[in-house]
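According to our numbering, the sequence shown holds residues 6 to 135 in order. First up is the structure itself, then whatever we jot down about it.
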Amino acid sequence: MPGGGTGLRRALLGVWRVAGGARSPVAMSSQSHWLTAEERNQVLLDLKASGWSELGERDAIYKEFNFKNFNQAFGFMTRVALQAEKMNHHPEWFNVYSKVQITLISHDCGGLTKRDVKLAQFIDKAAASV
6 MPGGGTGLRR ALLGVWRVAG GARSPVAMSS QSHWLTAEER NQVLLDLKAS
56 GWSELGERDA IYKEFNFKNF NQAFGFMTRV ALQAEKMNHH PEWFNVYSKV
106 QITLISHDCG GLTKRDVKLA QFIDKAAASV
């Protein structure tokens, strides 16, 4: 398809991952799939209990973390960044001095997935260990 067909081809072929410098389609792992209604209700209860909130304007979760100083905030962000890289799932985040704001959404799926839940759980553990 000339012009705007690239997005459609990607959508039809699945997720694209850069591997060895070349683009190749790969199937999404089970961790990136949508949550069932039952799973979603349960994990949202658990996540809300630990301070996460649903964003009304998009299918995502959000949490704000406050640390003693910039070093603690940056150390926390570094731990999260290393895990996010392992998972190939990167948060939207914003940092000012000791405050870190994090939004999790699976952009490739257009909403909240099991990957977001897994990363949120890691983030909570990382924050607790600072």
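All residues carry an ideal CB built from backbone N, CA and C; glycine is no exception.
The stretch 35-53 and the stretch 109-124 touch, with no fewer than 3 CB-CB distances between them shorter than 8 Å.
The beta strand (DSSP E) runs lying completely inside the stretch 29-80 and spanning 3 residues or more are 66-71, given in chain order. By the neighbour-count criterion, in which a residue is buried when 16 or more other Cβ atoms sit within 10 angstroms of its Cβ, F70 is buried. Here S58 is exposed, its C-beta having fewer than 16 other C-beta atoms within 10 Å. Counting along the chain, no beta strand (DSSP E) covers L117, and no H or E run does either. Just so you know, the alpha carbons of Q88 and I107 end up roughly 14 Å apart. Between S103 and A78, the gap from beta carbon to beta carbon is short of 7 Å. Excluding five sequence positions before and after Y67, the CB atoms of its chain that fall closer than 6 Å to its own CB belong to S58, L60, T108, given in chain order. In the three-state reduction of the DSSP assignment, V135 falls in the coil class. Close CB contacts of K73 within its chain, under the 7 Å cut and outside five residues either way in sequence, are with S103 (chain order).
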